[in-house]
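*Asks:* Each residue of the sequence shown is one higher than the one before, starting from 687 at the first, in the working numbering.
Where a beta carbon is used, it is the ideal one built from N, C-alpha and C, also for glycine.
Since the model is a prediction, treat every value here as computed from it, not as a measurement.
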Amino acid sequence: MGFIDVIKERAKGNKKTIVLPETEDRRTYEATAQILKEGIANVVLVGSEEAVKKGSEGLDISGAVVVDPATSDKTQGYIDKLVELRSKKGMTPEQAKEILLNQYLYYGVMMVKMGDADGMVSGACHSTADTLRPCLQILKTKPGTKLVSAFFLIAVPDCEYGANGTFVFGDSGLVQDPNPEELAAIAASSADSFRLLVQEEPVVAMLSHSTKGSAKHALVDKVVEATKIAKEQNPELKLDGELQLDAAIVPSVGSSKAPGSDVAGKANVLIFPNLDAGNIGYKLAQRLAKAEAYGPVTQGIAKPVNDLSRGCSSEDIVGVVAITAVQCQAED
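#1: On a Cα-Cα basis, can you pick out the residue from Asp907, Thr1010, Cys1014 that is closest to isoleucine 690?
#2: Given a threshold of 16 other Cβ atoms within 10 Å of its Cβ, counted over all protein chains shown, does alanine 934 qualify as buried or as exposed?
#3: Determine the direct distance from the alpha carbon of glycine 794 to that of leucine 956, and round the result to whole angstroms.
#4: Taking all protein chains shown into account, do 16 or more other C-beta atoms lie within 10 angstroms of the C-beta of threonine 757, making it buried, or fewer, making it exposed?
#5: Per the contact definition of three or more C-beta pairs closer than 8 Å, is the region 807-819 in contact with the region 885-903?
#6: Between the C-alpha atoms of asparagine 960 and serine 875, what's the straight-line distance to the nearest angstrom?
#7: Under three-state DSSP, which class holds leucine 706?
#8: Would you call the region 823-833 and the region 964-976 touching, i.e. three or more CB-CB distances under 8 Å?
#9: Any idea what DSSP makes of isoleucine 987, helix, strand or coil?
#10: Considering Cα atoms alone, identify which of Ala717, Pro982, Ala697 is closest to valine 861.
#11: By how many angstroms is the C-alpha of valine 884 removed from the C-alpha of glutamate 978?
#12: Roughly how many angstroms separate the alpha carbons of glycine 1005 and valine 729, rounded to a whole number?
#13: With a cut-off of 8 Å on the beta carbons, I'd call aspartate 759 and alanine 719 a contact; round off their distance for me.
#14: Could you check how far apart the C-beta atoms of glycine 1020 and phenylalanine 958 are, in whole angstroms? I think they sit under 8 Å.
#15: Opposite phenylalanine 853 in the DSSP bridges: which residues?
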């Protein structure tokens, strides 16, 4: 059974309610039909009955709940709550109503905030910024979290590395140029996410173009400092750096380039030095190694809300919904 199949089975065991607000996109309906058919989650679609009926033509989405902001009896309560939450920013009832009736991502986040849904998945036709802005404004960060970041779950077929070819790549979706403290926080959060979703021990590599001093540069210094901070803050975690990619995942290279490291050659959580490297890295794995890439999955928001790549397929949406549902289970 592949990684995502295991996640789907876990999601089915304690079914959660996930909002899909992008009802202008056909992929949302294709994913909804599949989610309902497989019994992965309960689905809420935000939009008018007429628009949903038209957009889902030919698909069986009869098990989904359709919520029209213009007619729902919950909308006024959401407006009142949004005004309360954003009053210091000058939010008026008129502005809140305008936002919630026309920006379905905000409406979906309010459903999560008010406990009418467990989580949300968006991003098939919205940017990461558009997806995360309402989350950070309304849901805020999880208590004790230093930084909201994002990762991709990568499942490489027929791969001997990582956890049977499964990796977490962080941050590959959100934080553009983390400083050492932020990079250490991303490493800790990514390890927790790996443990939750893959259910194996995380082995974390802080990646660089250098291995253990083989190159000298300020970019290397940043990763060295981040490694030091992460080790001090998480002494129980298997974590090492700075490591080149091959030294991190290939046992023979790891033992040669970083002898004595308990991470080199065994890493399954790969922490990239910046978003350029992380984004390029996951897309290389996805396109050249035919890996399944699920994300960007967010970590550090008070409730599970996850982003999608705008190039995603409907099957990708199904996978991210299953991952989101498992994250919701951990909130119980």
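*Replies:* Once the coordinates are examined:
#1: Thr1010
#2: buried
#3: 31 Å
#4: exposed
#5: no
#6: 16 Å
#7: strand
#8: no
#9: strand
#10: Pro982
#11: 14 Å
#12: 14 Å
#13: Aspartate 759 to alanine 719, Cβ: 27 Å. No contact.
#14: Only positions 687 to 1018 of the chain appear in this structure, which leaves residue 1020 out of reach.
#15: Ile840
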